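Have a look at the structure below before the remarks.
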């Protein structure tokens with residue numbers, strides 16, 4: 018079983034990467050939480066999360082420094098608010114309201130209001146910007162998504178489309194090739 022070496026600070030990219038429920042195992046499967054427990058002292062609390070790969074059964078443990086949350090319960094609410102805003106953005110996108118979806122997605126990835134390390138927020142923001150013909154902005158959003166979730170073929174594929182639209186054909190080809198490699202590996 019792998020374990021992180023030191024506690025991961027709450028609200029850090031590592032924290033968000035795990036909690037966005039898109040953590041991949043080396044086999045390509047996704048991890049699911051098996052057990053969570055509070056550890057540490059009252060002045061330095063940590064949360065230990067044991068996760069198991071749904072495909073191969075490999076286990077991985079993560080330890081999070083949650084001291085920044087203690088006494089600041091409004092920060093917990095931020096996760097729910099971000100999820101609600103993301104759902105609102107997706108509903109606007111399905112309803113054909115790209116400007117409304119863009120505004121909500123910008124709030125989703127905003128460092129003050131949302132979760133800046135939420136890859137799927139950046140991904141969908143990139144898609145919306147690309148639909149509006151704003152390829153350069155789409156590339157920036159999608160590059161952030163790839164940096165957070167480098168093993169997701171869909172993110173690489175849409176980034177390739179944005180790069181193509183921005184006239185960066187060689188980079189587009191590299192990301193399209195990477196998307197195909199990941200799709201073959203992970204299905």
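Numbering (the numbering used here), first residue to last: 18 to 204. For every residue, glycine included, the Cβ atom is placed at its ideal position computed from N, Cα and C. Note that this is a predicted model, so its numbers are computed, not measured.
query: How many whole angstroms separate the CB atoms of residue 158 and residue 142, which I take to be in contact at a CB cut-off of 8 Å?
result: Stepping through the chain shown from its first residue, residue 158 is reached at position 141. Stepping through the chain shown from its first residue, residue 142 is reached at position 125. Going by Cβ atoms, the distance from residue 158 to residue 142 rounds to 4 Å, so yes, they are a contact pair.
- request: Could you tell me the distance, in whole angstroms, from the CA atom of residue 106 to the CA atom of residue 52?
  value: To locate residue 106, count along the chain shown from 1; it is residue 89. To locate residue 52, count along the chain shown from 1; it is residue 35. Computed Cα separation, rounded: 31 Å.
Proximity below 8 Å, CB of residue 71 to CB of residue 46: For the purposes of this step, residue 71 is identified with residue 54 of the chain shown, where counting begins at 1. For the purposes of this step, residue 46 is identified with residue 29 of the chain shown, where counting begins at 1. Their beta carbons are under 8 Å apart, which means residue 71 touches residue 46 by this criterion.
- prompt: So what's residue 64 in DSSP terms, helix, strand or just coil?
  reply: Locating residue 64 in the chain shown gives position 47, where the first residue counts as 1. Residue state, collapsed to three classes: strand.
query: Fully enclosed by the region 88-165, which alpha helix (DSSP H) runs are 4 residues long or longer?
result: 91-111, 115-125, 136-148, 152-165
task: From the DSSP output, read off the bridge partner residues of residue 80.
output: One-based indexing of the chain shown puts residue 80 at position 63. DSSP lists 65 as partners of residue 80.
query: In the structure shown, what three-state DSSP assignment does residue 193 receive?
result: Mapped onto the chain shown, residue 193 falls at position 176. Note: residue 193 maps to helix in three-state DSSP.
message: Considering only DSSP beta bridges, list what residue 178 is partnered with.
response: Within the chain shown, the letter at position 161 stands for residue 178. Paired residues: none, contrary to the question.
Residue 139, buried or exposed, once every other Cβ within 10 Å from all chains shown has been counted against 16: Along the chain shown, one-based indexing puts residue 139 at 122. The residue is buried, with at least 16 neighbouring Cβ atoms inside 10 Å.
task: Could you tell me how far apart the beta carbons of residue 178 and residue 147 are, in whole angstroms, since I believe they sit closer than 8 Å?
output: To locate residue 178, count along the chain shown from 1; it is residue 161. To locate residue 147, count along the chain shown from 1; it is residue 130. Rounded, the Cβ-Cβ distance is 6 Å, consistent with contact.
message: As a quick exercise: from 182, 103, 44, pick the residue whose alpha carbon is nearest that of residue 120.
response: Counting from 1 along the chain shown, the entry for residue 120 is found at position 103. Residue 103 is the option with its Cα nearest to residue 120.
message: With a threshold of 7 Å on Cβ separation, who are the neighbours of residue 122 within its own chain once the five nearest residues in sequence on each side are excluded?
response: Within the chain shown, residue 122 is the residue found at index 105, counting from 1. Counting only Cβ-Cβ distances below 7 Å, and skipping sequence neighbours, we find 106, 138, 141, 142, 145.
- prompt: In the structure shown, what three-state DSSP assignment does residue 199 receive?
  reply: On the chain shown, position 182 is the one that residue 199 refers to. Looking at residue 199 - three-state DSSP - the assignment turns out to be helix.
- prompt: Could you give the distance in angstroms between the alpha-carbon of residue 97 and the alpha-carbon of residue 42?
  reply: By one-based count along the chain shown, residue 97 stands at place 80. By one-based count along the chain shown, residue 42 stands at place 25. One C-alpha to the other measures close to 26 Å.
message: Looking only at its chain, what residues have a beta carbon closer than 7 Å to the beta carbon of residue 188, apart from the 5 residues adjacent to it on each side?
response: Position 171 of the chain shown, counting from 1, holds the residue named residue 188. Cβ within range, chain order: 180.
Neighbourhood of residue 197 by C-beta distance below 8 Å, restricted to the same chain and skipping five residues each side: In the chain shown, the residue the question calls residue 197 occupies position 180. The residues are 170.
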